[in-house]
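Just so you know, the sequences run in chain order A and B.
The opening position of the first sequence corresponds to residue 1 in the working numbering, with each subsequent residue numbered one higher.
The opening position of the second sequence corresponds to residue 1 in the working numbering, with each subsequent residue numbered one higher.
I have placed the structure first, in the form of structure tokens, so that the comments after it can refer back to it.
Number of protein chains: 2
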Amino acid sequence: MTDKPRQLRGVAVRDHLVDTAARLFYENGTHAVGVDEVVRRSGMAKASLYRWFPSKDDLILAVLQRRDDDFWQRWDAEAAAHPDDPRAELDAQLGWIEELATRDGYRGCAFVNTAAEFDPGKVDIRGRCLQHERELGRRLRELTQRLGVADSALLADQLHIAIVGAFAVGGIYPSDGPAARLRQLAHRLMAVCPESAAHG
Amino acid sequence: MTDKPRQLRGVAVRDHLVDTAARLFYENGTHAVGVDEVVRRSGMAKASLYRWFPSKDDLILAVLQRRDDDFWQRWDAEAAAHPDDPRAELDAQLGWIEELATRDGYRGCAFVNTAAEFDPGKVDIRGRCLQHERELGRRLRELTQRLGVADSALLADQLHIAIVGAFAVGGIYPSDGPAARLRQLAHRLMAVCPESAAHG
DNA sequence: CATTGACAAGACAGATCTGTCTCGTTTAGA
DNA sequence: TCTAAACGAGACAGATCTGTCTTGTCAATG
Numbered sequence: 001m002t003d004k005p006r007q008l009r010g011v012a013v014r015d016h017l018v019d020t021a022a023r024l025f026y027e028n029g030t031h032a033v034g035v036d037e038v039v040r041r042s043g044m045a046k047a048s049l050y051r052w053f054p055s056k057d058d059l060i061l062a063v064l065q066r067r068d069d070d071f072w073q074r075w076d077a078e079a080a081a082h083p084d085d086p087r088a089e090l091d092a093q094l095g096w097i098e099e100l101a102t103r104d105g106y107r108g109c110a111f112v113n114t115a116a117e118f119d120p121g122k123v124d125i126r127g128r129c130l131q132h133e134r135e136l137g138r139r140l141r142e143l144t145q146r147l148g149v150a151d152s153a154l155l156a157d158q159l160h161i162a163i164v165g166a167f168a169v170g171g172i173y174p175s176d177g178p179a180a181r182l183r184q185l186a187h188r189l190m191a192v193c194p195e196s197a198a199h200g
Numbered sequence: 001m002t003d004k005p006r007q008l009r010g011v012a013v014r015d016h017l018v019d020t021a022a023r024l025f026y027e028n029g030t031h032a033v034g035v036d037e038v039v040r041r042s043g044m045a046k047a048s049l050y051r052w053f054p055s056k057d058d059l060i061l062a063v064l065q066r067r068d069d070d071f072w073q074r075w076d077a078e079a080a081a082h083p084d085d086p087r088a089e090l091d092a093q094l095g096w097i098e099e100l101a102t103r104d105g106y107r108g109c110a111f112v113n114t115a116a117e118f119d120p121g122k123v124d125i126r127g128r129c130l131q132h133e134r135e136l137g138r139r140l141r142e143l144t145q146r147l148g149v150a151d152s153a154l155l156a157d158q159l160h161i162a163i164v165g166a167f168a169v170g171g172i173y174p175s176d177g178p179a180a181r182l183r184q185l186a187h188r189l190m191a192v193c194p195e196s197a198a199h200g
């Protein structure tokens, strides 16, 4: 998929480098993959990598940005499919998340994994991971508010824990594992969370 | 705490190296810490490290073993404090787990973090992390069975997701964050989980 | 067509990593 | 007390890492 194409120019080189690095970093760990391997596997030149990224850290940040974009693009697609039914949207969001977390070869949330590889002094990289997490919290709060439940902020936090937990256990267990219970978990949470407003 | 003592002999050297490595690996990431830094911070000699551990991977495995022992020692202590009250025991377990996950400087589950740093080819290290996770699942199933709920295996899986999720979000958020909702999450799960057997 | 800038390929430097080895010194036990 | 093993300190080798630089080629544009 991200193998060497004919001859790339301009920002296509950058995109291809980010694609290759994203896969390698995710599968092997950020520190375990050197820039030489990114260069070799992408078929690009080392000078091209350093033309687009001043340092490896900048490449890592670009990879996180790419993963962020992909994640929320998928999220927005599900949201658009259920414009006026927050309960159906939440179910759909949890559906693809559970499917992702239980997929073979899944290795956990890239942001949690990347944050774990860097000490707190790396504020740019760890801050970028925290930003993704805060955005997930923000979207969950917005969604639970639209659900009309009484304590939407509490439910949002609990769903947050559940989603990140499914990612984490899905990244460790080979294929089976508790991550397949994510949707059932959310349903149970909502079952004891009566709606405070009228329900159509 | 793990600073240089006077002069250690025998297995005390090994223990001190594991202590130092556990802290450094956890705070900075396994790959970000070289054996030279473990040697320097521990005050031990490099030859001593390689006398007790054939390679850095063996040191990593010993660190995981140490963390496993500490974790289940704490678990067993709480279990012993509530010998005949599984509901109180579960509450106590979730209590110290939530306190740990929301503690300042917490950086997530060491097993999840370590597994993320190694590709699937490292079966010994990743397998050791999976072993900890399976043991958590086993203990949760045993505990929910004693609770007497109808679908104890399902509840155990859901608690598993919640605990690992609290660890993961606690490792990313600075201090506030959704991890403080772990116990409330579990209480909600159990509220819709009526006991199937008689209840004293 | 000619020019210019981006590209692939890879040598190179300096730092850092893992792992081995040497060399005194210290400690435990005969 | 004497000896042998374990220890701290650190040099050393070979591999690997990040980042720079050179060289020749190719593609887009005037």
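Glycine included, every Cβ here is placed at the ideal spot set by N, Cα and C.
Nearest-angstrom Cα distance between residue i and residue j?
i: ARG103/B; j: PRO83/B; result: 27 angstroms
i: MET190/A; j: TRP96/A; result: 19 angstroms
i: ASP15/A; j: TYR26/A; result: 16 angstroms
i: GLN158/A; j: TYR50/B; result: 45 angstroms
i: ILE163/A; j: VAL149/B; result: 24 angstroms
i: LEU185/A; j: GLY10/B; result: 49 angstroms
i: ARG139/A; j: ALA115/A; result: 21 angstroms
i: GLY127/B; j: ASP85/A; result: 42 angstroms
i: MET1/A; j: PHE118/B; result: Only weak support exists for where MET1/A lies, its pLDDT of 40 falling under 50; the coordinates are left without a value.
i: ALA110/B; j: ARG183/B; result: 21 angstroms
i: LEU100/B; j: ALA47/A; result: 45 angstroms
i: LEU94/A; j: GLY165/B; result: 15 angstroms
i: LEU90/B; j: ALA12/A; result: 53 angstroms
i: ARG146/A; j: ALA168/A; result: 27 angstroms
i: TYR173/B; j: ALA32/B; result: 21 angstroms
i: GLU78/A; j: PHE71/A; result: 11 angstroms
Please classify residue i: does DSSP put it in a helix, a strand, or coil?
i: VAL149/A; result: strand
i: TYR50/A; result: helix
i: MET44/A; result: coil
i: LEU155/B; result: helix
i: CYS129/A; result: helix
i: LEU136/A; result: helix
i: GLN7/A; result: coil
i: GLU117/A; result: coil
i: GLY165/A; result: helix
i: ARG107/A; result: coil
i: ALA32/A; result: coil
i: GLY177/B; result: coil
i: MET1/A; result: Its pLDDT being 40, under 50, MET1/A is placed unreliably by the model, and nothing is read from it.
i: THR144/A; result: helix
i: HIS16/B; result: helix
i: VAL201/B; result: There is simply no residue 201/B to check, as chain B begins at 1 and stops at 200 in what is shown.
i: ASP70/B; result: helix
i: VAL38/A; result: helix
Step through the CB atoms of chain B and report whether any lies within less than 8 angstroms of the CB of residue i.
i: GLN184/A; result: yes
i: GLY43/A; result: no
i: ARG103/A; result: no
i: PRO54/A; result: no
Comparing the CB of residue i with every heavy atom of the ligand NAD, is any distance shorter than 7 angstroms?
i: LEU159/B; result: This structure simply doesn't include the ligand NAD, nor any ligand for that matter.
Hey, is residue i's beta-carbon within less than 8 angstroms of any beta-carbon in chain A?
i: TYR106/B; result: no
i: ALA191/B; result: yes
i: THR2/B; result: Unreliable placement is indicated for THR2/B, whose pLDDT of 40 sits below 50; no coordinate value is reported for it.
i: ASP124/B; result: no
i: PHE118/B; result: yes
i: ILE161/B; result: yes
i: LEU49/B; result: no
i: GLN158/B; result: yes
i: ALA150/B; result: no
i: ARG181/B; result: yes
i: ARG128/B; result: no
i: GLY34/B; result: no
i: ARG38/B; result: Per the sequence presented here, residue 38/B reads as Val, with Arg not at that position. Not an interface residue.
i: LEU100/B; result: no
For residue i, tell me which candidate among the options has the shortest Cα-Cα distance.
i: THR30/B; options: TRP52/B, LEU59/B and VAL11/B; result: LEU59/B
i: PHE53/B; options: GLY177/B, ALA21/B, VAL192/B and GLN145/B; result: ALA21/B
i: ASP68/B; options: PHE167/B, HIS132/B, LYS46/B and ALA80/B; result: HIS132/B
i: VAL192/A; options: GLY177/A, LEU154/A and ALA101/A; result: LEU154/A
i: TRP75/A; options: ARG126/A, GLY105/A, GLU135/A and LEU17/A; result: GLU135/A
i: SER152/A; options: ARG138/B, ARG181/B and ILE125/B; result: ARG181/B
i: GLN7/A; options: GLN65/A, ALA45/A and ASN113/A; result: ALA45/A
i: LEU130/B; options: ALA79/A, GLY170/A, ILE161/A and ARG40/A; result: GLY170/A
i: LEU17/A; options: ASP57/A, GLU142/A and VAL63/A; result: VAL63/A
i: ASP124/B; options: PRO178/B, ALA79/B and LYS56/B; result: LYS56/B
Using a beta-carbon distance cut-off of less than 8 angstroms, what residues from the segment 68-97 of chain B approach chain A? Legend: CB atoms of the segment 68-97 of chain B lying less than 8 angstroms from CB atoms of chain A are not found in any residue.
At a Cβ cut of 7 angstroms, what residues of the segment 5-31 of chain A count as close to chain B, listed as they run along the chain? The residues in question are GLU27, ASN28, GLY29 and HIS31.
Contact residues within the segment 133-146 of chain B, judged by C-beta distance below 7 angstroms to chain A: Closer than 7 angstroms at the C-beta level to chain A, one finds these residues of the segment 133-146 of chain B: GLU133 and GLY137.
Note down, in chain order, all residues in the segment 56-68 of chain B with a beta-carbon under 7 angstroms from any beta-carbon belonging to chain A. Taking 7 angstroms as the upper bound on Cβ-Cβ separation, chain A lies near no residue of the segment 56-68 of chain B.
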